[in-house]
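Undergrad: Heads up: the sequence shown begins at 9 in this note's numbering, then just goes up one per residue.
The beta carbon of each residue, even a glycine, is placed where N, CA and C say it ideally should be.
Fair warning: this is a prediction, and the values are worked out from it, not measured in the lab.
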Amino acid sequence: MHKITEKERLNEEMTRIEVEAPLVADKIKPGQFIVIRMHEKGERVPLTFYKKDKEKGTVQMIFQKVGKSTTELDTYEEGDELLDVVGPMGTAADIEDYGTVVCIGGGVGTPEVFPVAKALRNAGNEVIVISGFRTEDLVVCESDFDKGCANEIYITTDDGTYGREGFTSDVLEELIADEDTSLDLVHAVGPPIMMKVIAEITEEHDIDTRVSLNSIMLDATGMCGSCRVEVGEQMKLACVDGPEFDAHKVNFEELMQRITMFEEQEEEAMERWEEENGGCCR
Ligand code: FAD
Ligand code: MG
């Protein structure tokens, strides 16, 4: 069992939890993820780690409420226990001194990008963070990047209520157009459509780009194949071969189709859970 040592609702959609998982905290590296199971009847939920504390033996995640399992997870409070916290899963992000790296996070992709940006900065890179949200109320993690792990940070909101109005890709295009800045690598995590647009822009300008793919994972150990993605015309498993891949080789169209393939069952599961729980509590 893994006790929840902290829980903080960051906004209407996103919650930060810290859980006891000493073995995971000891081993997990930027870019890797964990899989949680709340209880015996719970499904396996992959979440990227956001922060870790080896001494306390804890890992933190920020999750967005999108359906049954994440809504149920949000009913857990400090002191409650999760049945399983399994990890580290997936491959770690390559961390080297590349030069100038742009780290892009879209929505809940921002906390996922945080440990990677920090490690890249520690490795000597100039790190530019671009982080995009739909609206001001959903902005998270801005102060993390202020604390010495980004040289520059740009926040965008789709509706212009905070930071710059527009998309993360608009800022990226401005940086590319700026003759004083030369970009060596782009690392992007967010909705597939954002990663697709970023990949198209950087391919045109020949800038190495990697993305972290959130395809649907069931066992997350390479056994079930549900997270398969086409990368460079080869079939890869996001859970064990990724989740990070060369953005210019990813078939985003297929990814976008596959992540919606269980929509009907997901809606049914949510409705059933709401009926059983009066829409709110565990
Ligand atoms: P559902 O109603 O079941 O599904 C809603 C949508 O969530 C689906 O359409 C699908 O796109 C996605 N989804 C559902 N089940 C899965 C699954 N088993 N695996 C992947 N996607 C699924 N979310 C966060 O909020 N924070 C994170 O740090 C984070 N990291 C992730 C890292 C990886 C490697 C992967 C694969 C996913 C990550 N996700 C993260 C997405 C998160 O796993 C899903 O939002 C969650 O499983 C949805 O479950 P649900 O029952 O609440 O929603
Ligand atoms: Mg689900």
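Could you tell me which of Ala158, Arg142, Thr83 sits nearest to Val121, measuring between CA atoms?
TA: Among Ala158, Arg142, Thr83, the Cα nearest to that of Val121 is on Ala158.
Undergrad: Assign Arg218 to one of two classes, buried (16 or more other C-beta atoms within 10 Å of its C-beta) or exposed (fewer than that).
TA: Under this definition Arg218 is a buried residue.
Undergrad: Taking the alpha-carbon positions, what's the Ala277 to Gly156 distance?
TA: Each residue's alpha carbon lies about 43 Å from the other.
Undergrad: Run the Cβ filter for me: residues under 6 Å from any heavy atom of the ligand MG, listed in the order they occur in the chain.
TA: Those residues are Glu51, Gly75, Lys76, Ser77, Glu274, Ala277, given in chain order.
Undergrad: Taking Ser220 as part of the beta strand (DSSP E), name the residues at either end of that continuous run.
TA: Run containing Ser220: 216-220, per the beta strand (DSSP E) assignment.
Undergrad: Under the three-state reduction of DSSP, which class applies to Val27: helix, strand or coil?
TA: Strand at Val27.
Undergrad: If you follow the alpha helix (DSSP H) that Lys155 is in, where does it begin and where does it stop?
TA: No alpha helix (DSSP H) contains Lys155, which DSSP labels as neither H nor E.
Undergrad: Could you please give the first and the last residue of the uninterrupted beta strand (DSSP E) stretch that includes Pro54?
TA: Segment 53-56, the beta strand (DSSP E) holding Pro54.
Undergrad: Nearest-angstrom Cα distance between Met225 and Arg266?
TA: If you take the alpha carbons of Met225 and Arg266, they lie about 11 Å apart.
Undergrad: For His256, which three-state DSSP category applies?
TA: Note: His256 maps to helix in three-state DSSP.
Undergrad: Can you tell me the Cβ-Cβ gap for Val124 and His195, rounded? I've got them flagged as a contact below 8 Å.
TA: At roughly 6 Å, the Cβ-Cβ gap stays under 8 Å, so Val124 and His195 are in contact.
Undergrad: Taking buried to mean at least 16 other C-beta atoms within 10 Å of its own C-beta, is Glu284 buried or exposed?
TA: Classification for Glu284: exposed.
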